[in-house]
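What follows is one structure encoded as structure tokens, with my remarks underneath.
Okay, here's the thing in structure tokens:
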């Protein structure tokens with residue numbers, strides 16, 4: 014495999030709905046799949062969409078594993094923080110706080126969320142399109158993300 | 014709790030001292046609380062302020078736990094790097110390197126540092142204002158951070 | 014050691030080849046040294062250079078440890094994902110996927126990659142220039158990175 018294979022042809026896709034948007038944009042690489050990082054990404058994302066920004070979430074590595082059907086519901090804290098897992102879950106239930114998947118679905122209903130699944134990760138871990146949650150908009154490589162991020166107000170890797 | 018509760022009303026606060034600043038800005042989300050990540054954030058922050066930039070540090074999750082009074086002094090390396098903990102501490106002492114809290118306090122004296130504590134995390138972990146170090150400037154949600162970051166030259170999640 | 018020692022004198026170095034470039038720029042802080050994070054950084058980097066962007070990679074902490082000669086070849090997954098290590102390696106071999114070091118070398122041949130080694134980390138861990146891979150372009154502090162990043166289209170911490 015040559016390094017060029019890593020890069021899909023670059024078509025500018027920094028739009029939602031096919032035309033160039035003048036909305037502000039948040040572009041996140043979601044590399045992690047633990048509960049603390051998913052909340053971090055989705056609270057940023059849902060805050061952005063509630064402010065009228067577009068949110069572009071690019072799921073790679075353990076983040077991609079988290080958007081395999083049924084996986085997000087099982088996400089927990091990383092082992093270094095395992096002892097706080099139970100306390101945090103009970104508190105979230107008490108607060109009637111939305112789960113990560115509920116946050117993702119609410120963002121989706123705003124029409125301002127676009128979800129990308131990282132194709133190199135899918136190939137590395139033999140994950141297929143039909144394994145992923147239906148909210149995924151596009152299978153894409155890093156070039157798509159960079160084109161979106163180049164035009165974003167805020168870009169972060171979570 | 015509805016997702017709208019996650020988002021405080023958006024008042025533009027990308028200023029220090031109440032007027033719009035023309036200074037360059039570094040905006041960091043400090044999500045981690047381990048010694049390696051705190052040093053990373055605070056060396057970036059203190060370098061920025063010594064260059065005359067504003068540094069906006071938004072503490073969330075394990076980063077927020079690190080600004081609970083007395084916690085930063087106990088920060089160590091993540092378990093994957095535990096075996097290097099002793100070597101690193103001895104070396105830092107030898108070098109008379111400032112501790113993370115000393116770095117934070119020096120940044121603060123520049124008048125260019127603004128510290129935000131993440132309100133959703135405070136609620137999730139039942140942490141109160143009076144539990145936090147006195148250097149905290151503002152309790153804020155993600156909308157405040159996004160408004161600051163949209164206007165920043167460099168934005169990173171540590 | 015005073016906090017000012019952390020900051021080298023700020024000379025603007027946001028160029029490759031000595032003149033101000035009009036190319037787009039990706040600026041990455043590589044803080045991690047695990048296989049999943051190195052791939053993330055280097056796939057982003059090699060995609061950027063194949064798009065004609067400059068890629069500026071600043072290696073600090075465990076990322077710096079990964080550019081010690083011979084270290085990158087031994088990089089594995091973090092302990093929380095250790096059980097997937099074998100599967101991932103076999104799959105990458107099957108795919109004839111380039112190793113992280115091969116990706117770095119290919120980026121280097123593009124003439125668009127610049128590698129910085131973090132001087133405070135080198136001092137903290139007593140790592141010398143001659144310990145590092147020969148592809149390193151510059152030993153530098155955070156001020157150099159901030160000057161580059163202030164001018165970059167996309168900035169991330171991996």
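Residue numbers (this note's numbering), protein chains in the order written: chain A, 14 to 171; chain B, 14 to 171; chain C, 14 to 171.
For each residue, glycine too, the CB sits at the ideal point set by N, CA and C.
Here the structure is a predicted model, which means the values were calculated and not measured.
I'd like to know if residue i contacts chain A, where contact means its C-beta is closer than 8 Å to some C-beta of that chain.
i                      : result
residue 136 of chain B : yes
residue 61 of chain C  : yes
residue 49 of chain C  : yes
residue 85 of chain C  : no
When the Cα of residue i is compared with those of the options, which residue comes out closest?
i                      : options                     : result
residue 150 of chain C : C:45, C:137 and C:80        : C:80
residue 91 of chain B  : B:146, B:75 and B:104       : B:75
residue 130 of chain A : A:47, A:58, A:69 and A:35   : A:69
residue 128 of chain C : C:46, C:52, C:77 and C:45   : C:77
residue 53 of chain C  : A:57, A:52, A:42 and A:104  : A:42
residue 37 of chain C  : C:166, C:170 and C:171      : C:166
residue 84 of chain B  : B:121, B:160, B:45 and B:99 : B:45
residue 135 of chain B : B:73, B:98 and B:146        : B:73
residue 153 of chain B : A:137, A:162 and A:56       : A:56
residue 35 of chain A  : A:62, A:48, A:67 and A:106  : A:67
residue 114 of chain B : B:86, B:159 and B:99        : B:86
residue 95 of chain B  : B:106, B:71 and B:48        : B:48
residue 82 of chain C  : C:145, C:111 and C:105      : C:145
residue 62 of chain A  : A:104, A:118 and A:88       : A:118
residue 137 of chain C : B:93, B:103 and B:88        : B:103
residue 132 of chain A : A:141, A:125 and A:124      : A:141
Residue i versus chain C: which residues are under 9 Å apart at the beta carbon?
i                      : result
residue 69 of chain A  : Those within 9 Å of residue 69 of chain A in chain C number zero; the least Cβ separation is about 12 Å.
residue 159 of chain A : 37, 39, 57, 60, 61, 64, 66, 166 and 167
Exposed or buried, what is residue i when buried is set at 16 or more other beta-carbons lying within 10 Å of its beta-carbon?
i                      : result
residue 50 of chain C  : buried
residue 101 of chain C : buried
residue 65 of chain B  : exposed
residue 139 of chain B : exposed
residue 108 of chain C : exposed
residue 143 of chain A : exposed
residue 40 of chain C  : buried
residue 147 of chain A : exposed
residue 58 of chain A  : buried
residue 60 of chain A  : buried
residue 157 of chain C : buried
residue 122 of chain A : exposed
Using a Cβ cut-off of 8 Å, pull out every chain A residue sitting near residue i, in sequence order please.
i                     : result
residue 92 of chain B : 92 and 93
residue 37 of chain C : 163
So if DSSP puts residue i in a beta bridge, which residue, or which two residues, is it bridged to?
i                      : result
residue 129 of chain B : B:71 and B:151
residue 178 of chain C : This structure leaves residue 178 of chain C out entirely; chain C is present only between 14 and 171.
residue 42 of chain B  : B:71 and B:170
For a contact defined as C-beta to C-beta under 8 Å, what are the partners of residue i on chain C?
i                      : result
residue 139 of chain A : 104
Quick one: which chain B residues come within Cβ less than 7 Å of residue i?
i                     : result
residue 73 of chain C : 53
Chain A partners of residue i, CB-CB under 7 Å?
i                      : result
residue 166 of chain C : 163
Step through the CB atoms of chain B and report whether any lies within less than 8 Å of the CB of residue i.
i                      : result
residue 14 of chain A  : Because residue 14 of chain A carries a pLDDT of 41, less than 50, the predicted location of this residue cannot be relied on, and no value is offered for it.
residue 151 of chain C : no
So which residues on chain B does residue i lean against when the C-beta distance must stay under 9 Å?
i                      : result
residue 170 of chain A : 169 and 170
For residue i, go through chain A and note every residue whose CB falls closer than 9 Å to its CB, in chain order.
i                     : result
residue 42 of chain B : 53, 57, 169 and 171
Is there a Cβ of chain D sitting closer than 8 Å to that of residue i, yes or no?
i                      : result
residue 163 of chain B : Given the protein chain composition of this structure (A, B and C), no chain D is represented.
Is residue i close to chain C? Criterion is C-beta to C-beta, closer than 8 Å.
i                     : result
residue 26 of chain B : Its pLDDT being 42, under 50, residue 26 of chain B is placed unreliably in this model, and the value from its coordinates should be taken loosely. Not one chain C Cβ lies under 8 Å of residue 26 of chain B.
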